[in-house]
Structures are given as structure tokens and as C-alpha cells.
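Residue numbers (our numbering): 6 to 544.
The C-beta atom is built at its ideal place from N, Cα and C for all residues, glycine as well.
Please read these numbers as outputs of a predicted model, since none were measured by experiment.
Everything on this sheet refers to the single structure shown next.
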């Protein structure tokens with residue numbers, strides 16, 4: 006049984022250490038935690054409550070370790086026992102976020118602290134402070150993110166980064182059942198998980214009108230100005246890379262890639278020159294999972310695409326201060342560089358407008374079908390670098406990944422989409438993050454690859470082992486059967502119990518390279534190179 010006093014006081018001490026609340030907030034904070042979990046006791050330790058030592062002035066590196074996730078889970082269990090929380094995974098999470106929201110500074114205080122650092126021209130210090138707060142408050146789920154499985158795989162395109170995403174919680178069967186019985190409504194508040202109205206939202210259960218929505222009491226959104234409009238700046242709770250941030254329009258409107266969007270991206274890197282920023286494409290299949298809310302993603306990570314070699318250069322007529330390069334990358338990526346922001350913006354817009362109208366049936370690119378539907382768009386990424394390519398310099402850099410979402414009978418999910426032979430590893434859209442060379446793969450791969458490993462090892466020690474039948478007969482392995490047999494045929498000699506999973510991870514990385522190649526509109530054969538040059542010449 007949870008010791009409520011110990012858990013609550015430990016959590017409050019943690020919040021004081023992290024400068025989320027003050028020393029004199031102890032009694033108020035303790036009673037607030039009790040209220041959140043539906044308790045009226047036990048009494049706090051008055052000797053603890055009346056401490057005057059300024060622990061919050063200690064350097065963060067000297068602070069004691071604290072199990073935030075475990076403590077919140079214990080308090081949430083007490084809330085369930087008290088009838089104050091729904092007995093589901095999402096119900097427990099809503100209580101945990103309610104507690105942390107109560108122990109955080111108000112948005113106005115957060116904004117004042119952030120803008121104070123920005124005001125002395127210290128954007129790095131501002132984001133460091135804000136990111137630290139979001140981590141300390143449990144909004145960025147550090148413990149969950151640490152469970153992700155990560156590795157890199159050498160390929161012809163460089164080292165690709167692979168992640169099996171285990172950080173997002175699995176759906177509770179009770180939540181699923183409740184969702185099935187929920188009343189459907191067209192009016193949802195907030196309209197989506199990217200709306201700025203999520204700040205402080207208590208969340209709702211799967212059985213509620215409008216369905217499940219996560220609690221966001223510990224979310225803080227910094228108001229920023231992009232192209233004269235108010236946007237919100239926050240960090241992703243289940244970050245895929247270092248300081249994974251999101252900028253979202255204050256208006257719930259669809260994604261769009263155009264001059265206005267590019268201007269917003271450029272404004273963002275002028276605010277935060279140490280971050281890159283990018284936009285998912287604005288069409289289905291080649292876009293991200295959320296097309297209904299205009300938003301960008303950025304952060305402090307350097308992706309494999311950013312290290313891709315130049316294979317040729319080009320210029321954009323009318324923009325003589327801009328240098329263009331074709332990158333050796335599986336997707337068709339054009340990189341623009343310039344010290345002149347306005348010139349870079351104009352050149353990028355010219356390429357995007359030209360691409361939206363470009364048809365080349367010899368390589369399967371169709372700008373518009375007979376029904377008038379548009380199929381071409383771009384996944385843009387912007388950053389600022391110095392002469393050595395380090396983030397934060399005076400050179401503006403734009404990466405334009407050319408995309409086309411045309412479908413055919415042979416490829417009903419998309420011609421430039423992961424092909425069926427690779428769906429056992431990756432079937433979902435290739436969005437912004439994966440365009441740049443970071444795979445985000447589903448958690449099902451952990452047990453599936455584990456099962457494949459066992460069959461490969463069995464075949465290694467027993468020459469009579471029917472590997473094909475064993476793989477086909479195993480529900481976890483069936484989709485991987487042909488691939489696993491090929492891996493065994495090529496690599497059986499080096500296979501051991503110690504390295505089998507590493508070999509499978511390497512081969513998954515190779516598949517990801519093929520998937521990115523599928524998404525490239527101009528292939529790396531003679532026909533593809535000629536087609537790409539025709540497009541560049543058309544500029």
C-alpha cells in the first residue's frame with residue numbers, strides 16, 4: 006500500500022528542488038496533492054513542512070535521484086482506490102498529470118521566465134530552461150523515452166538511425182471497450198492534440214463524448230510570432246530526438262506548404278538559430294499523421310540527411326545569391342544555401358511552385374489527375390549553419406524533399422510509399438522525421454524480431470530444421486518469413502546467440518533504406534537522374 010505522506014512529501018521536495026514551487030509552498034502543495042487523489046489525510050510532517058533550508062539553490066547536479074514516474078504511479082493508485090480516478094491506464098495518467106500541473110508555475114510565469122532569457126539575446130538559454138522545466142514536470146516523458154530501442158545502420162546513404170518506439174503507452178483494453186460505447190460527436194474540444202487550447206486541459210476518458218483525449222495540465226505553451234501570427238511553442242511528450250519541439254498555429258487549420266509556411270519556418274530559425282525546423286508535406290500518403298492542424302517540428306538533432314554528400318550543383322535563375330545542390334539521398338532532396346534570407350525564400354518558393362505543376366510520366370510523376378486532384382508537394386526543412394555546417398550560423402539552409410502521392414493498381418497505397426515487400430517492417434507514411442533518415446518503427450517489432458531470432462538460431466544448430474515452415478507457422482514471424490530466410494541464407498555463417506539480434510537490427514536498417522528509396526521520386530538509375538535534371542533545367 007502506498008505511503009501517501011512519504012510519496013506526496015517526496016514529490017513536493019522534488020518540485021522545490023527543481024524550482025517549480027517555492028519553499029513556502031510545502032503545506033499548500035501537500036494539501037493540493039491530497040485533493041487530487043481524493044484523500045483528506047494523513048497529516049503532513051510539520052518538521053518537514055517548516056524547513057527553511059534553501060534546497061532549491063543547490064546545483065541540479067547535486068540533487069538526489071527521484072523516481073518521478075514511480076511516485077506518480079503510486080499516488081494514482083491511491084486515487085483509484087479512493088474513487089477519484091478511473092481504473093484504467095488513461096485514468097491513472099490523468100491524475101498524474103493533474104498533480105504535476107498543480108505543482109508547476111502558471112503559464113504567465115513560464116512565459117515571463119522564458120522571455121526574460123530571450124530578451125537578453127540568449128535563445129539557447131531560454132530553450133534549455135524551458136526544456137528542463139518540461140522534463141522536470143513530467144510532460145516530456147524521459148523515463149518512457151528511455152525505453153525506446155535505438156541503433157544506427159551503415160548504408161549506401163550513410164548511417165541511418167532506427168528507433169523502435171516503445172514510449173507511447175499501449176492502449177488499455179478497458180479504454181478500447183469504452184471507446185466503442187462512446188457517443189460520437191462532431192464538436193470536440195480541443196479540436197485536436199495540437200491545438201493551443203490543450204494547455205491545462207484535464208483530459209477525458211474513452212467513454213466521454215468526443216472520445217479519449219490525454220491530460221495536459223502540465224503542458225506549457227510559449228507564445229511566439231511567426232509571419233505576424235501567434236503560434237505556440239512546446240516540446241513533444243514522446244520525443245523522437247533531442248529537444249523535439251513543436252510549433253503550432255493558434256488557429257486549427259490544415260497543413261499547407263507555401264510561401265507563408267516557408268516564411269514561418271525562417272522566422273522560427275531566426276528566433277531559435279540553434280534549432281532546425283521542418284514541415285510535413287500537406288497531402289495524404291506523403292504527409293504526417295496529422296494534416297488537420299498547421300504545425301512544424303524541430304529540435305537540436307542533426308539528421309543523416311544533413312550529412313548527405315553533394316552530387317551536383319545548380320542555380321535558380323533570378324536568385325544569384327542562392328547555391329543549389331542535389332544530395333546523395335534516397336529521397337529526391339534539393340538543398341539551397343544563402344546568406345540572404347529573402348533570396349532563399351524566393352528560390353525555395355519557385356521550386357515548390359514548379360514542382361506542384363511538374364509531370365513526368367516516364368518516372369511515374371503525375372502532378373494532377375483527370376479529376377483535378379493535386380499529387381505533388383514538398384517536405385521542407387530549414388536551419389541556420391556556419392561555414393562548417395554547424396548549427397546556429399548566418400547561412401540559411403533549406404532542404405526540399407520532392408514528394409508525389411500518386412497511386413496505381415500495383416501500388417494502391419502510393420507509388421512513392423513503402424512498397425508491399427517492406428510492409429512487414431514499415432507500412433506507415435514516410436513523414437518529416439523519416440525523410441531526414443530517422444526511422445520510427447512500431448513496438449510489435451520487438452516480439453516479432455525476437456521470435457525470428459529464435460528460429461534462425463534453431464536452424465543454425467540443426468541442419469534438418471525446416472526454417473521456412475517454422476516461420477510460416479509462427480504468427481509472430483509469418484509476415485517476416487521471406488525476409489528472414491534471405492537473411493539466413495546470406496548471414497548464417499556469422500550468426501550466433503550473441504549477435505543474432507544485432508544482425509536483425511542491421512537488416513531492418515537496410516530495409517529502411519529501401520523504404521526511403523521507394524519514397525524517392527527520382528531514382529538513382531540513369532532514367533531517374535535524367536528526369537531529375539529535366540526538372541532542374543525547367544527552373
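Would you mind working out which of the options sits nearest residue i, comparing C-alpha positions?
{"i": "residue 204", "options": "271, 115, 168 and 276", "result": "115"}
{"i": "residue 242", "options": "199, 384 and 71", "result": "199"}
{"i": "residue 291", "options": "214, 341, 40 and 408", "result": "408"}
{"i": "residue 324", "options": "88, 544, 382 and 231", "result": "544"}
{"i": "residue 341", "options": "317, 362 and 411", "result": "317"}
{"i": "residue 573", "options": "37, 53, 433 and 130", "result": "Here the chain covers residues 6 to 544 and nothing more, so residue 573 does not appear."}
{"i": "residue 517", "options": "452, 527, 432 and 126", "result": "432"}
{"i": "residue 293", "options": "357, 262, 315 and 24", "result": "262"}
{"i": "residue 502", "options": "34, 460 and 387", "result": "460"}
{"i": "residue 449", "options": "47, 484 and 163", "result": "484"}
{"i": "residue 333", "options": "497, 312, 416 and 126", "result": "312"}
{"i": "residue 410", "options": "447, 370 and 137", "result": "370"}
{"i": "residue 404", "options": "310, 458 and 376", "result": "310"}
{"i": "residue 54", "options": "28, 388 and 469", "result": "28"}
{"i": "residue 9", "options": "154, 360, 22 and 49", "result": "49"}
{"i": "residue 440", "options": "519, 425 and 378", "result": "519"}
{"i": "residue 350", "options": "364, 388 and 468", "result": "388"}
{"i": "residue 368", "options": "216, 540, 377 and 214", "result": "540"}
{"i": "residue 542", "options": "34, 210, 289 and 360", "result": "360"}
{"i": "residue 138", "options": "165, 238, 25 and 463", "result": "25"}
Assuming residue i contacts residue j (C-beta within less than 8 angstroms), just tell me the rounded distance between them.
{"i": "residue 443", "j": "residue 160", "result": "With 8 angstroms as the limit, residue 443 and residue 160 do not qualify as a contact, their Cβ atoms being about 13 angstroms apart."}
{"i": "residue 300", "j": "residue 254", "result": "7 angstroms"}
{"i": "residue 220", "j": "residue 103", "result": "6 angstroms"}
{"i": "residue 391", "j": "residue 402", "result": "Incorrect: roughly 10 angstroms between the Cβ atoms, too far for contact."}
{"i": "residue 109", "j": "residue 31", "result": "In fact, because the Cβ distance is near 16 angstroms, the residues do not count as touching under 8 angstroms."}
{"i": "residue 445", "j": "residue 438", "result": "6 angstroms"}
{"i": "residue 1", "j": "residue 355", "result": "For the chain, the structure presents residues 6 to 544; residue 1 sits outside this window and is missing."}
{"i": "residue 319", "j": "residue 303", "result": "Between residue 303 and residue 319 the Cβ distance is about 27 angstroms, and since that is not below 8 angstroms, they are no contact."}
{"i": "residue 500", "j": "residue 508", "result": "6 angstroms"}
By Cβ distance, which residues of its chain are closer than 6 angstroms to residue i, with the 5 residues on each side in sequence left out?
{"i": "residue 128", "result": "277"}
{"i": "residue 268", "result": "232"}
{"i": "residue 510", "result": "156"}
{"i": "residue 362", "result": "372"}
{"i": "residue 182", "result": "Model confidence at residue 182 stands at a pLDDT of 49, short of 50, so the residue's coordinates are unreliable and nothing is read from them."}
{"i": "residue 307", "result": "none"}
{"i": "residue 208", "result": "99, 218, 219 and 220"}
{"i": "residue 105", "result": "142, 143 and 223"}
{"i": "residue 527", "result": "337, 533, 536 and 537"}
{"i": "residue 330", "result": "315, 318 and 340"}
{"i": "residue 524", "result": "336, 421 and 435"}
Taking the beta carbon of residue i as the centre, do at least 16 other beta carbons fall within 10 Å, making it buried, or is it exposed?
{"i": "residue 146", "result": "buried"}
{"i": "residue 113", "result": "exposed"}
{"i": "residue 56", "result": "exposed"}
{"i": "residue 93", "result": "buried"}
{"i": "residue 530", "result": "exposed"}
{"i": "residue 111", "result": "exposed"}
{"i": "residue 272", "result": "buried"}
{"i": "residue 14", "result": "buried"}
{"i": "residue 393", "result": "exposed"}
{"i": "residue 51", "result": "exposed"}
{"i": "residue 344", "result": "exposed"}
{"i": "residue 230", "result": "exposed"}
{"i": "residue 83", "result": "buried"}
{"i": "residue 63", "result": "With a pLDDT of only 48 at residue 63, under 50, the local geometry of the prediction cannot be trusted, and the value read off the model is given with reservation. Exposed is the call here."}
{"i": "residue 38", "result": "buried"}
{"i": "residue 378", "result": "exposed"}
{"i": "residue 478", "result": "exposed"}
{"i": "residue 512", "result": "buried"}
Considering only residues of the same chain and omitting the five flanking positions on each side of residue i, which have a CB-CB separation below 8 angstroms?
{"i": "residue 490", "result": "472, 473 and 476"}
{"i": "residue 152", "result": "171 and 172"}
{"i": "residue 298", "result": "196, 197, 199, 200, 253, 254, 257, 258, 259 and 260"}
{"i": "residue 41", "result": "80, 84, 89, 100, 103, 104 and 107"}
For residue i, which residues of its own chain have a beta-carbon under 7 angstroms away from its beta-carbon, when the five flanking residues on both sides are left out?
{"i": "residue 186", "result": "The predicted position of residue 186 is uncertain, since its pLDDT is 48 and thus under 50; a value taken from the coordinates is nonetheless stated next. Contacts found: 212."}
{"i": "residue 123", "result": "131"}
{"i": "residue 428", "result": "none"}
{"i": "residue 177", "result": "With a pLDDT of only 47 at residue 177, under 50, the local geometry of the prediction cannot be trusted, and the value read off the model is given with reservation. Answer for residue 177: 93, 94 and 95, listed in chain order."}
{"i": "residue 88", "result": "43"}
{"i": "residue 497", "result": "465"}
{"i": "residue 305", "result": "247, 248, 279 and 280"}
Determine, using beta carbons only, whether residue i comes closer than 9 angstroms to chain D.
{"i": "residue 166", "result": "The chain labelled as chain D is not found in the depicted structure, where only one protein chain is given."}
Measuring only from the beta carbon, is residue i closer than 8 angstroms to any heavy atom that is part of the ligand MG?
{"i": "residue 472", "result": "Although the ligand MG was asked about, the structure shown includes no ligands whatsoever."}
List, from N- to C-terminal side, the alpha helix (DSSP H) runs of 4 residues or more that fit wholly inside the stretch 431 to 472. 437 to 440 and 450 to 466
List in chain order: all unbroken beta strand (DSSP E) runs of 3+ residues lying wholly within the stretch 308 to 386. 315 to 319, 328 to 332 and 338 to 343
Runs of 4 residues minimum, wholly inside the stretch 232 to 283: which ones carry the alpha helix (DSSP H) assignment? 264 to 276
In chain order, which continuous runs of the beta strand (DSSP E) of length 3 or greater are located wholly inside the stretch 462 to 534? none
Within the stretch 93 to 131, ranges of the beta strand (DSSP E) (whole runs, at least 3 residues): none
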